[in-house]
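With our numbering applied, the sequence shown covers 106 to 363.
Cβ atoms here follow ideal geometry from the backbone N, Cα and C, with glycine treated the same way.
To keep things clear, I will list the structure first and then write my remarks on it.
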Amino acid sequence: MGKNEYQEEEAARPRKKKKKSHKVYALMVLAMGIAIIVLAVLILFYVQKIEVEGNEYCKDREIIDTVQNDRFSINTLYILGKYALGRGEQLPCLDDMKVGMKAPWIVKVTVKEKPIVGYIHGGNEYAYFDKEGMIVYKGPDFIEGLPCIEGIDTGDISLYGMIESKDKSIFEEMLVTSQQVKKYKLSPDKIVCQDDKIYLYKGKIRISLGNSVSSEQIAQIPPIMEKLEGKEGTLHLENYSEGNTTITFNAEEIQEEN
Numbered sequence: 106m107g108k109n110e111y112q113e114e115e116a117a118r119p120r121k122k123k124k125k126s127h128k129v130y131a132l133m134v135l136a137m138g139i140a141i142i143v144l145a146v147l148i149l150f151y152v153q154k155i156e157v158e159g160n161e162y163c164k165d166r167e168i169i170d171t172v173q174n175d176r177f178s179i180n181t182l183y184i185l186g187k188y189a190l191g192r193g194e195q196l197p198c199l200d201d202m203k204v205g206m207k208a209p210w211i212v213k214v215t216v217k218e219k220p221i222v223g224y225i226h227g228g229n230e231y232a233y234f235d236k237e238g239m240i241v242y243k244g245p246d247f248i249e250g251l252p253c254i255e256g257i258d259t260g261d262i263s264l265y266g267m268i269e270s271k272d273k274s275i276f277e278e279m280l281v282t283s284q285q286v287k288k289y290k291l292s293p294d295k296i297v298c299q300d301d302k303i304y305l306y307k308g309k310i311r312i313s314l315g316n317s318v319s320s321e322q323i324a325q326i327p328p329i330m331e332k333l334e335g336k337e338g339t340l341h342l343e344n345y346s347e348g349n350t351t352i353t354f355n356a357e358e359i360q361e362e363n
């Protein structure tokens, strides 16, 4: 090897070392940059508050616990991504739930609850159910303007469970009755099943609907009740239909159920 060749080889070695050191430095800077970004995201998007709106009977805490149901749900972006991908949970008592970001550290949850059509009272608790017969809320709170269901054996009642009755057909008719009175904005005190027949009670008026309830029957009640204000008796609608429009009222013919 000549002298000149040796000198050229020696001159090339520092350059290779410099290139390697530049690459290492660049990788360190990149890693630090990524770490800073990740740390900033973790700190900035750390959930400090979850706001809930649209709920009346479902508790805020229950909705919040559902949104933050895993250990990663302390990050706003993670929660948004979870629900955007359809992997977020929703309570059975809700028809709809939308999750958004009010601020990087605040999650906003807007819900639409399933409408309550009636309740069953047992002991110190009220069990409220939807049109399908599912218990959507159970607790000591009394909600006004809803009919109480009486006269059927429902067995054990659990939250988010379906009400079950030995006589399914008559119970289904009572569910239909609950839906229809809500539709026509009636507020009966209670819906009673007696001898496989359904009765509505409003003040001192008992409304006999028979064992099969139709929308046409319920639609007749509001205008008639206006005329019966202050009276006592039984309004007979059990035979009312499109082919038979006979409606009778018997004064003082009422039997309160205990």
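Query                                                                                                  : Result
Residues that Val297 bridges to, as DSSP identifies them                                               : Glu255 and Tyr304
Counted within 10 angstroms of its Cβ, other Cβ atoms place Asn344 as buried (16 or more) or exposed   : exposed
Beta-carbon proximity list for Thr351, same chain, < 6 Å, skipping 5 on both sides                     : none
Assigned secondary structure, Phe276 (DSSP; H/G/I helix, E/B strand, else coil)                        : helix
Simplified DSSP state of Leu314, which is helix, strand or coil                                        : strand
Whole-number beta carbon distance between Ala232 and Ile225, since they are thought to touch under 8 Å : 5 Å
Short Cβ contact (8 Å threshold) for Tyr242 with Pro197                                                : no
8 Å Cβ shell around Thr181 - same chain, five flanking residues per side excluded                      : Phe150, Tyr151, Val152, Met206, Pro209, Trp210, Ile211 and Val212
Cβ-Cβ distance between Gly315 and Ile303 below 8 Å                                                     : yes
Residue interval of the beta strand (DSSP E) (run including Lys217)                                    : Ile211 to Glu218
Whole-angstrom distance between Val318 and Leu305, CA atom to CA atom                                  : 11 Å
CA-to-CA distance, Leu144 to Lys288, given in whole angstroms                                          : 54 Å
Residue(s) in a DSSP beta bridge with Lys243                                                           : Ala232
Residue closest to Gly63, alpha-carbon to alpha-carbon, out of Ile155, Lys154, Ile268 and Asn229       : No answer is possible for residue 63: the residues shown for the chain start at 106 and end at 363.
Identified DSSP bridge partners for Glu334                                                             : Looking at the DSSP assignment, Glu334 forms no beta bridge with any residue, so it has no partner.
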